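Below is one structure, written out as structure tokens, with a few remarks after it.
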Amino acid sequence: MQGKKSSIRTFGDPALRRPAEVVEAIDDEVREICRVMVEAMLRAGGAGIAAPQIGIAKRIIALDVDGQFHVLINPALVSSEGETEETTEGCLSVPGVSAPVTRSTRATVAGTTLDGERIEITGEGLLARAIQHEMDHLDGQLFLDHLSPARRRSLLQQYKRRKPDEEG
Ligand code: ZN
13 MQGKKSSIRT FGDPALRRPA EVVEAIDDEV REICRVMVEA MLRAGGAGIA APQIGIAKRI
73 IALDVDGQFH VLINPALVSS EGETEETTEG CLSVPGVSAP VTRSTRATVA GTTLDGERIE
133 ITGEGLLARA IQHEMDHLDG QLFLDHLSPA RRRSLLQQYK RRKPDEEG
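One rule links them: number in our numbering = place in the sequence shown (from 1) + 12.
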């Protein structure tokens, strides 16, 4: 398998812009990808991670919010409602910066666990935000794509200024 690294890909890496592919079978390779993802997420203290963030173009996300821990294979957004911009959002792939992003207040995602079980997770607040954020990664989208051009520019300037001291 190419690009199996525990290091998280950062902004500018083409892996973050590549749409992820459906996982055909939950095999040892997929289990290993999940292990590496979860390890990277826990080490970085993130609320979630998506496979493209470790350079793997597969539809897999992990969430770790408010004591709720999930790994989902081939997740699909089932529903979302409401709208909030209250919470500042960041990303392990754009370390050190954050910005308010408008998201649905409530989101339901369906997917398959590593045991092959179909589950549905409904989240509110931070979990809803994490679900939407990680789903975006599977389509090559980053949170800053949701910002206005001016906000995005200022966020990227801030990011570039702090990048030298941030070995990722
Ligand atoms: Zn992210």
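Ideal Cβ placement from N, Cα and C applies to all residues, glycine included.
Treat the numbers as computed from the prediction; the structure is a model and nothing was measured.
In the DSSP assignment, the alpha helix (DSSP H) including residue i goes from what residue to what residue?
i             : result
proline 161   : 161-174
glutamine 144 : 138-150
glutamate 41  : 40-56
Enumerate in chain order the residues of its own chain whose CB-to-CB distance from residue i is below 6 Å, with the five nearest sequence positions on each side excluded.
i           : result
glycine 102 : Ser110
leucine 156 : Arg164 and Leu167
If you count every other CB in all the chains shown that lies within 10 Å of the CB of residue i, and 16 or more means buried, which is it?
i                : result
proline 161      : exposed
isoleucine 143   : buried
lysine 44        : The sequence shown places glutamate at residue 44, not lysine. Exposed, because fewer than 16 other Cβ atoms sit within 10 Å of the Cβ of glutamate 44.
phenylalanine 81 : exposed
aspartate 76     : buried
glycine 24       : exposed
serine 116       : buried
glutamine 169    : exposed
In terms of alpha-carbon separation, which member of the options lies closest to residue i?
i             : options                          : result
cysteine 46   : Ala63, Val113 and Pro112         : Ala63
arginine 173  : Leu75, Glu44, Ala32 and Val106   : Val106
arginine 21   : Ala56, Gln65, Leu54 and His82    : Gln65
methionine 53 : Ala69, Thr124, Arg163 and Glu146 : Glu146
Going by beta carbon distance, what residues of the same chain come within less than 8 Å of residue i, once the five residues before and after it are set aside?
i             : result
arginine 71   : Ala32, Glu33, Val34, Val35, Ala63, Ile85, Asn86, Pro87 and Leu150
threonine 125 : His82, Val83, Leu84, Ile85 and Ile131
Grab me the residues of residue i's own chain with a C-beta within less than 7 Å of its C-beta, minus the 5 sequence neighbours each way, in chain order.
i             : result
arginine 29   : Gly152
leucine 89    : Ala119, Val121 and Met147
methionine 13 : With a pLDDT of only 44 at methionine 13, under 50, the local geometry of the prediction cannot be trusted, and no value is derived from it.
For chain B, is any of its Cβ atoms less than 7 Å away from the one on residue i?
i         : result
lysine 70 : No chain B appears in the structure shown, which is made up of a single protein chain.
Terminal residues of the continuous beta strand (DSSP E) containing residue i?
i            : result
alanine 74   : 72-77
glutamine 80 : 80-93
valine 121   : 118-124
aspartate 97 : First, the residue type needs correcting, since residue 97 is glutamate and not aspartate in the sequence shown. No beta strand (DSSP E) holds glutamate 97; DSSP gives it neither H nor E.
serine 110   : 110-112
Q: With the ligand PLP as the reference, list in chain order each residue whose Cβ lies under 6 Å from any of its heavy atoms.
A: This structure simply doesn't include the ligand PLP; it includes the ligand ZN instead.
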